[in-house]
Amino acid sequence: MFRNLLRKTPLAWFQVRREKTRLAVALAGIAFADVLMFVQMGLNETLYESAANLHYSLQADLFIINPISEAFTSLKSFPRERLHQARAFKEVQSVTPIYIGRATWRNPQQTQTERTIFTVGVSPTKSVFEQPEITQQFNKLKMLDRVIFDRASRAEFGDIATLLKKDSSLSVQVNDKQIQVVGLFTFGISFGSDGMMIASDSTFMRIFPERNAVEVDVGLIKLKPGANKQLVQKALQKYLPSDVLVLTLEEFADREKVYWATSTPTGFIFGFGTVIGFIVGIVIVYQILYSDVSDHLSEYATLKAMGYSDAYLVGVLIQESLILAILGFIPGFLLSSGFYLLAASATLLPIGMTVNRAILVLFLTIVMCTVSGGVAMRKLQAADPADVF
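Quick note on numbering: UniProt numbering labels position 282 of the sequence shown as 282, and the sequence is numbered without any gaps.
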């Protein structure tokens, strides 16, 4: 059977490459459909990864949050007392509160435009971030009204990096208060945040005077070496009141991803874009194959008159579909990889080509072309040997 398949391949290949212009149009159409699917899938996955960036950057074994909190953009506070209760467990090494808020940042340059900035309040005496660039600047935050700013924030916040080169600090207005930017770090934006700054817990309370220090947004729990994370998690959840939830890092990050996938329209929009790309590819390949069959209908009828079966001719058409799928996928893959690099450098979003995504799009491309070939078969099966005479 495999040998018979190989025998059919040259005919399909000669048929595909015979019309150079038609082949170029077909490959361009398939590549366009692949790029559309790659971009939509890439943005969709980047949405989830960027949303969980902050989760993965925190140094903790377990996290305490309010059960009704769904994402960092909509956190609900819980009593700080719960951290003290968790600290009483012998397996717990330390507990650290984190405060999250969204402040109004005024561009310090001539535009004076206002943007919402994601603000994190932490204790400047404890290392809670994985990035050394952030942790090494915590001493700067010990003084009141000092913050460090994410240089990867959107340009609408101002060219803070350039302004800081002129002086060791930069005065900006945040929630109508004068705050000093004393350092920079690189974190990157997400779909829920255009910019970010980190402040001490004391400075955070001055920026958000309506907040109370006894109400915490996220609690970080660091366990002693050798402690069983799952067992401690279950014990804490059983011991603490129902107004808090104890999560592992994976559960905490997955909770954020599920929120963006199910509670916002972005996940649906990107998924819908992938479907549109798939449909566009089917239509393009179908038009190419249908035109090819129509132009050579008499030749196919001649082959039937010579004794070739419908199954043989259908096999040739399917092989044409597969050849187009492979050839069209290659430029689509290369173009998409280039787009990913451009998007990553321009936005600092964690977008890039992955093996799993490439395999999935290749599979969808093969399915797309095979379906198109299957639809075009009806025209092929209509080839009548009597048409030769």
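We put the CB at the ideal spot given by N, CA and C, even for glycine.
Remember, it's a predicted structure, so these values are computed and weren't measured experimentally.
Determine, using beta carbons only, whether residue i and residue j come nearer to each other than 7 Å.
i    : j    : result
V246 : I98  : no
T370 : S321 : yes
A161 : L144 : no
M41  : T274 : yes
L289 : S372 : yes
N44  : F272 : no
Q93  : K222 : yes
G281 : A26  : no
I68  : V244 : no
L36  : F191 : no
L324 : A86  : no
A71  : E251 : no
E130 : S57  : yes
L216 : R357 : Residue identity check: residue 216 is Val in the sequence provided, not Leu. Not a contact, by the Cβ cut-off of 7 Å.
P124 : G158 : no
M197 : T119 : yes
M377 : V314 : yes
G188 : A152 : yes
L364 : F278 : yes
S336 : F38  : yes
L240 : R82  : yes
F149 : V181 : yes
By a C-beta neighbour count over all protein chains shown, 10 Å radius and 16 as the cutoff for buried, is residue i buried or exposed?
i    : result
R18  : exposed
F2   : Its pLDDT being 42, under 50, F2 is placed unreliably by the model, and the measurement read from it follows with that caveat. It is exposed - the Cβ of F2 has fewer than 16 other Cβ atoms within 10 Å.
T96  : buried
A88  : exposed
V214 : exposed
Q136 : exposed
T84  : Reading the sequence as shown, one finds His at residue 84 and not Thr. H84 comes out exposed.
E133 : exposed
T354 : exposed
L24  : The question names Leu, yet the displayed sequence has Ala at residue 24. It is exposed - the Cβ of A24 has fewer than 16 other Cβ atoms within 10 Å.
Q319 : buried
Y259 : buried
F78  : buried
L6   : Note that L6 scores a pLDDT of 48, beneath 50, so its modelled location is shaky; the value from the coordinates is reported in the next line. The residue is exposed, with fewer than 16 neighbouring Cβ atoms inside 10 Å.
I306 : Checking the displayed sequence, the identity of residue 306 turns out to be Met instead of Ile. Exposed.
T220 : It is worth fixing the name first, because residue 220 is Leu in this sequence and not Thr. Buried.
Q15  : buried
A60  : buried
G338 : exposed
L303 : buried
T203 : buried
S294 : exposed
G226 : exposed
A311 : exposed
K20  : exposed
Give the C-beta separation of residue i and residue j to the nearest angstrom, bearing in mind that I take them to be a contact with Cβ-Cβ under 8 Å.
i    : j    : result
R106 : V172 : 7 Å
I30  : V285 : 6 Å
A103 : N53  : Between N53 and A103 the Cβ distance is about 19 Å, and since that is not below 8 Å, they are no contact.
Y340 : I351 : 5 Å
A201 : V128 : The residue you asked about is not Ala; residue 201 is Asp in the sequence shown. Rounded, the Cβ-Cβ distance is 11 Å, inconsistent with contact.
Q | Complete runs of the beta strand (DSSP E) confined to the stretch 17-45 [at least 3 residues] | A | Taking 3 residues as the shortest admissible run, the stretch 17-45 contains no complete beta strand (DSSP E) segment at all.
Q: Starting from the N-terminal side, write out each stretch of the beta strand (DSSP E) that is 3 residues or longer and does not extend beyond the stretch 112-168.
A: Those beta strand (DSSP E) runs which fall completely within the stretch 112-168 and span 3+ residues are 114-122 and 146-150.
Q | Whole alpha helix (DSSP H) elements within the UniProt domain "ABC3 transporter permease C-terminal" (274-380), 4-residue minimum | A | At a cut-off of 4 residues, the continuous stretches assigned as alpha helix (DSSP H) that sit fully inside the UniProt domain "ABC3 transporter permease C-terminal" (274-380) are 297-305 and 310-347.
(Q) What ranges does the alpha helix (DSSP H) occupy inside the stretch 190-250, keeping only unbroken runs of at least 4 residues that lie completely in it? (A) Contiguous alpha helix (DSSP H) elements confined to the stretch 190-250 occur at 201-207 and 229-239, taking only those with 4 or more residues.
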